[in-house]
Every structure is written in C-alpha cells, then in structure tokens.
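J.: Residue numbers (my numbering): 203 to 715. Dropping the structure in here first, questions after.
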C-alpha cells in the first residue's frame, strides 16, 4: 500500500477542470491484486492528489488576477483623462484620481453626488464648463457611453473628461491675434497679399480686394495668370521666383492696370519660412505711388520745359546775337584787309573765336533740349550723340536702329535719351571703352534701348560709392514704366538695357508712368 501511495503522489490523472489548463497526465496507481477496500483507498488518494494540484493552479490564477486588477486600477486611476462612472440618474459611482485633481476636490467628496452640481454651463461641441474649488472653471470635452443589461436597460454611464482649458485659451488668443492682424491689414492703405510657392493666392487685405475688384472667397486658390493680363501675370510671377531663389526680401517697381488706368507701385516681396527653414509662401506689400510719380513727373516736366526755354533763348537769343557780331567783325576784317592793315589778322582771330562761341552755344542748346518734338526726334538725337562722342573722344561710337522707332511721347523720348547719354558717359569715363554701340528697337510689345561697350564691368563697390548715375537711370526708367538692367558677359562687354512696354509710349500715359 505504501508503494501505491508513492505512485499516487508522483502524479494525477488527465481529467480537466473547467477554466483551468489540463493537469499533467499521471500514471494510475497499480492496485491490481489488492483487496477491494485497498483498491478503493488507492483510488481516493489518487483523486486527492489531483485536487491538490488543481487547487495550486487556482491559487496561482487568483494571484495573477489580483495583480492584473491592481495594474488595471492604477491605469484607471492615473489615466491622462478623467474617468467617471455615473448611474442612470447622473450620480457619481466612481471617479479616478485624474478627474478629482481636475476638479480640485478629494475623490471621496465627489462620490454619490449628482454630476449636474459640478456643471457651470454647457458649451458648444459637447464641451462643459465645470466648477472647481480654486482657479476658476475648467473646460472639458464630455463624452458618455451607456452600459446596458440583457434587457437593454441602462446600468451605468462610462464618462470621459478631457481638459481642453489651455487649448481653448490658446485658440482664443490666436483668434484675437488673427483679428488684430486682419484689422491692421484691412485698415492699411497698402495692398497686402499672400501666395504659396506655386503662385496661388492664399489671402489678401481689403485694399487689394477693392482696388482690383476681387472678392477674397472667389480669388483664393487662383494664380496671377487667372486674374491679370498675360504680360502682368508673367511679370508678377517672375518677381515671385526671384524672391524664392534669393530667399531674401526684395523691392520692385511695378505698373498695374485697373479701372483702365495704369498705377505705379513699389512692391516689397519677402519669403515666409516654416519650422524647418523652408520657404512655404511669398508675402507682398504694394504701395501705390502713382500720385507721387505724377508730381515727380510734373516737376521733371517743369525742369525739362525750363531747359527747353533756356535752350531756345541760347539758340534764338545769344546764338543770333553772336552770329550778328560775327558778320560785323567779318566786315571789319575785310575792310582792314583792303587797307593792308596789321589789325586785319586780329580781326580774323576774333571771327574765329566768335564762330567757336556760336558753335558752343548751339551745342549747349542741344544739350539742354536734345530731343526735338517730332516723332522721329529720338533717332536723330541718338545719331547726333554718337557723332559727338566720335568727334570729342575719338571713340568708335555708332548708333544702330534696324527700323524706325517713332515715339509720339516727347517725355519718354527725352528720358530714353538721358539714359543713353548717362550710359555712354559711364562707358567712356569709368569703363574706358574703345567701342560703343547705341541700339534702339521695338516689337509689338516692347521698346528697347541698349548701350553696349567693350570697356568691361565697373566694380560694384565703385558703383555703390560713386553712383555712376545708376540711380538716375533707374529713376528715369521707372518714370516711363520701364525697367533697367546692366549685364556683363564673358567677352568683357557691358550692356545697359532699358525695356519699356510699348503701350507706355502713348502720350496720355506718360505723366502717370
């Protein structure tokens, strides 16, 4: 029998207990040949060993369940959101530590209380403003899920509370900041706009909307090509790309057309960067300087008119007077020569000096009023400029004009002449050029003036220091709605080019541009 008991304690039968893993298979005790009562006892001992094994497993499972429940309780208690269990009447049955801290109360003081007592007011989008003991109300996102029994009756409500107080406070500050910025933009006399990298409009202010008659909600997402003329759109896009490539703010002189009238603008474009330092948008501030340009043009026109008056006085007044003196002295020289007097030679020298004075007077008159009022006056004036450079500086200077360029606007013609004159002076004085070519051409869209020389580029430092008339040339170009470029190539040739839209040559637009 002792041998039988040892066999029993070494293992248990393979019977299974519901809910537990199967017991290891044990060999049955060898009770053969024993009396019936001993066989029965042997069988009971085997069953007892099996029950003891299963009981040990149950204890292990119980301990695991306890550990799991403790972990779940901790997760519930320290969850990042408030968890509240309510009965169907809204009484608090359970509440985690996060929710109690959120409300600034002890957990025990909240149990068995009506949740409605904590609600200060209900807000939009499923949010509640809850009372706190200190620090003012707290705004939470409130959501409840009903738990039903088998008969679909509500047993309890599992509720979550998410603190959104800081988020709402931040959103409010952001809205107020945006409102302030929008108010500043809308009350600014400048046109302010914002585009993405592809040139699509993202936003613009009221002034932009009123000037171009473009409703914001119907324009956002469109490009300049969908709003403006092809010429204007290509110019605007080119300036945007310059800012994107340079990555720095840039200032442009632009002419826009709205209400059938050209308007001059100074436009500051600058890039906007994201958190990674990449450009994601282009912003622009455009200031309408049409009236200022009109006044500047008026002042310049008064100056040009005064120069024309002085030139006319020199030519018709002093020039004619000197011409009369020349004839008188020439007659005196002839009479002295007939008498073979030595003073005849002095009279001849006086005649020569007077002729030089007349020539200089005419030259001064031409310098003050270089372009005649006729439509072809610019071409003849540039031809005379090239001839004067050849005579005075012994420099190969030629005027090239493949086809006639007739400008009815004398103001534009005068500006173009002054630009050419300044560029030629720079080529001789600073570039020490031996060859200069003055070019004038036109297409259906553009009028171009170029001054090309082989003197090489002038150092940028010298340009900034001395100016070299660059600002004057740029100003004159902008006055006629054009643009000025200075380019040096690999052959050490420098080209000054002024491009003016052909439509700006019309007399009625000259004063505005």
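C-beta atoms are modelled at their ideal positions from N, C-alpha and C, and glycine is treated no differently.
Tell me the residue span of the alpha helix (DSSP H) that contains residue 679.
T.: Reading the chain shown from its first residue, position 477 is the one you call residue 679. Taken as a continuous stretch (DSSP letters only), the alpha helix (DSSP H) holding residue 679 covers 672–681.
J.: How big is the Cα-Cα spacing for residue 392 and residue 465?
T.: Along the chain shown, read from residue 1 onward, the residue named residue 392 stands at position 190. Along the chain shown, read from residue 1 onward, the residue named residue 465 stands at position 263. Cα to Cα, residue 392 sits roughly 13 Å from residue 465.
J.: Does the segment 594–614 come into contact with the segment 669–678, if we say contact requires no fewer than three beta-carbon pairs (one atom in each stretch) closer than 8 Å?
T.: With the cut-off at 8 Å, the segment 594–614 and the segment 669–678 do not touch.
J.: Under a three-way DSSP split, which group does residue 336 fall into?
T.: Position 134 of the chain shown, counting from 1, holds the residue named residue 336. The answer is coil: DSSP assigns residue 336 none of H, G, I, E or B.
J.: Taking the runs of the beta strand (DSSP E) that are 3 residues or longer, which of them lie wholly in the segment 473–544?
T.: With a minimum length of 3 residues, the continuous beta strand (DSSP E) runs that stay inside the segment 473–544 are 481–490.
J.: Is residue 461 helix, strand or coil by DSSP?
T.: Taking the first residue of the chain shown as 1, we reach residue 461 at position 259. Residue 461 falls in the coil class under three-state DSSP.
J.: From the DSSP output, which residues share a beta bridge with residue 347?
T.: Your numbering for residue 347 matches position 145 in the chain shown. Bridge partners of residue 347: 360.
J.: Kindly indicate which residue of 680, 253 and 250 has the alpha-carbon position closest to the one of residue 498.
T.: If you number the chain shown from 1, residue 498 lands on position 296. If we check each option's Cα against that of residue 498, 680 comes out closest.
J.: For residue 474 versus residue 481, is the C-beta spacing smaller than 9 Å?
T.: Numbered from 1 along the chain shown, position 272 holds the residue referred to as residue 474. Numbered from 1 along the chain shown, position 279 holds the residue referred to as residue 481. Yes. Within cutoff.
J.: Following the continuous alpha helix (DSSP H) through residue 621, name the residue where it begins and the one where it ends.
T.: In the chain shown, the residue the question calls residue 621 occupies position 419. 612–631 is the extent of the alpha helix (DSSP H) around residue 621.
J.: For the segment 647–657 against the segment 688–704, do three or more pairs of beta-carbon atoms, one drawn from each stretch, fall closer than 8 Å, so that the two count as touching?
T.: A contact exists between the segment 647–657 and the segment 688–704.
J.: Touch check for the segment 605–616 and the segment 630–648: three-plus C-beta pairs under 8 Å?
T.: Yes: the two stretches touch, three or more of their Cβ pairs being nearer than 8 Å.
J.: How is residue 428 classed by DSSP in three states: helix, strand or coil?
T.: Translated into the one-based positions of the chain shown, residue 428 becomes position 226. Three-state result, residue 428: helix.
J.: Can you round the beta-carbon distance between residue 396 and residue 406 to whole angstroms, since I take them to be within the 8 Å contact cut?
T.: The residue labelled residue 396 in the question sits at position 194 within the chain shown. The residue labelled residue 406 in the question sits at position 204 within the chain shown. With a Cβ gap of about 7 Å, residue 396 and residue 406 count as contacting.
J.: For residue 678, is the classification buried or exposed, using 16 other Cβ atoms within 10 angstroms of its Cβ as the cut-off for buried?
T.: If you number the chain shown from 1, residue 678 lands on position 476. Per the 10 Å Cβ criterion, buried.
J.: Going by C-alpha to C-alpha distance, which of 449, 435, 450 and 448 sits closest to residue 456?
T.: The residue labelled residue 456 in the question sits at position 254 within the chain shown. Of the candidates 449, 435, 450 and 448, the one whose C-alpha sits nearest the C-alpha of residue 456 is 435.
J.: At what residue ranges does the segment 297–327 contain a whole run of the beta strand (DSSP E), taking only runs of 3 or more?
T.: Counting whole runs of 3 or more residues, the segment 297–327 contains the beta strand (DSSP E) stretches 321–325.
J.: What are the partner residues of residue 397, as DSSP defines its beta bridges?
T.: The count along the chain shown starts at 1 and reaches residue 397 at position 195. 403 and 484, per the DSSP bridge assignment.
J.: What does the Cβ neighbour count give for residue 702, buried or exposed, with the cut at 16 atoms within 10 Å?
T.: Taking the first residue of the chain shown as position 1, residue 702 is located at position 500. Under this definition residue 702 is a buried residue.
J.: Pick helix, strand or coil for residue 236, following the three-state DSSP scheme.
T.: Within the chain shown, residue 236 is the residue found at index 34, counting from 1. Three-state DSSP puts residue 236 in coil, outside helix and strand.
J.: What would DSSP say about residue 698, mapped onto helix, strand or coil?
T.: Taking the chain shown and counting its residues from 1, the one referred to as residue 698 is at position 496. Strand.
J.: I'd like to check one pair, residue 422 with residue 483: are the Cβ atoms closer than 9 Å?
T.: If you number the chain shown from 1, residue 483 lands on position 281. If you number the chain shown from 1, residue 422 lands on position 220. Not in contact: residue 483 and residue 422 (Cβ atoms no closer than 9 Å).
J.: Can you find at least 3 beta carbon pairs, one from the segment 559–567 and one from the segment 517–533, that sit closer than 8 Å?
T.: Touching, yes, given that three or more Cβ pairs across the two stretches are closer than 8 Å.
J.: Measuring straight from C-alpha to C-alpha, what distance separates residue 361 and residue 489?
T.: Numbered from 1 along the chain shown, position 159 holds the residue referred to as residue 361. Numbered from 1 along the chain shown, position 287 holds the residue referred to as residue 489. So the two alpha carbons sit approximately 57 Å from each other.
J.: How would you call residue 168, buried or exposed, if buried means at least 16 neighbouring beta carbons within 10 angstroms?
T.: Nothing can be reported for residue 168, as the shown portion of the chain is limited to 203 through 715.
J.: Which stretch, first to last residue, makes up the beta strand (DSSP E) that contains residue 652?
T.: For the purposes of this step, residue 652 is identified with residue 450 of the chain shown, where counting begins at 1. It spans 648–655 - the beta strand (DSSP E) in which residue 652 sits, taken as one unbroken run.
J.: What does a CB cutoff of less than 8 Å around residue 553 pick up in its chain, not counting 5 residues either side in sequence?
T.: For the purposes of this step, residue 553 is identified with residue 351 of the chain shown, where counting begins at 1. 528, 531, 532 and 535.
J.: Using the C-alpha atoms, what's the distance from residue 493 back to residue 477?
T.: Position 275 of the chain shown, counting from 1, holds the residue named residue 477. Position 291 of the chain shown, counting from 1, holds the residue named residue 493. The alpha-carbon atoms of residue 477 and residue 493 are separated by roughly 41 Å.
J.: Would residue 331 and residue 322 qualify as a contact pair, given that the criterion is a beta-carbon distance under 9 Å?
T.: Position 129 of the chain shown holds residue 331. Position 120 of the chain shown holds residue 322. For residue 331 and residue 322, yes; Cβs fall inside 9 Å.
J.: Give a yes or no on contact between the segment 618–627 and the segment 568–587, applying the rule of three or more CB pairs nearer than 8 Å.
T.: Contact holds: three or more Cβ-Cβ distances are below 8 Å.
J.: With distances taken Cα to Cα, identify the nearest neighbour of residue 283 among 439, 293, 300 and 315.
T.: Taking the first residue of the chain shown as position 1, residue 283 is located at position 81. Residue 283 has its Cα closest to that of 300, out of 439, 293, 300 and 315.
J.: Which residues in the same chain as residue 454 place their Cβ atom closer than 6 Å to its Cβ, once the five residues preceding and following it in sequence are excluded?
T.: For the purposes of this step, residue 454 is taken as residue 252 along the chain shown, with counting starting at 1. 441 and 469, listed in sequence order.
J.: What number of angstroms, rounded off, separates the C-alpha of residue 335 from the C-alpha of residue 307?
T.: The residue given as residue 335 occupies position 133 in the chain shown. The residue given as residue 307 occupies position 105 in the chain shown. Their Cα atoms are separated by approximately 7 Å.
J.: Identify whether residue 567 lies in helix, strand or coil by the three-state DSSP scheme.
T.: The count along the chain shown starts at 1 and reaches residue 567 at position 365. Helix at residue 567.
J.: For residue 466, write down the residues that DSSP places opposite it in a beta bridge.
T.: In the chain shown, counting from the first residue as 1, residue 466 sits at position 264. DSSP, once it has assigned bridges, lists 457 as partnering residue 466.
J.: In the DSSP output, which residue or residues are listed as bridge partners for residue 573?
T.: The residue given as residue 573 occupies position 371 in the chain shown. Answer is none; residue 573 lacks a bridge partner.
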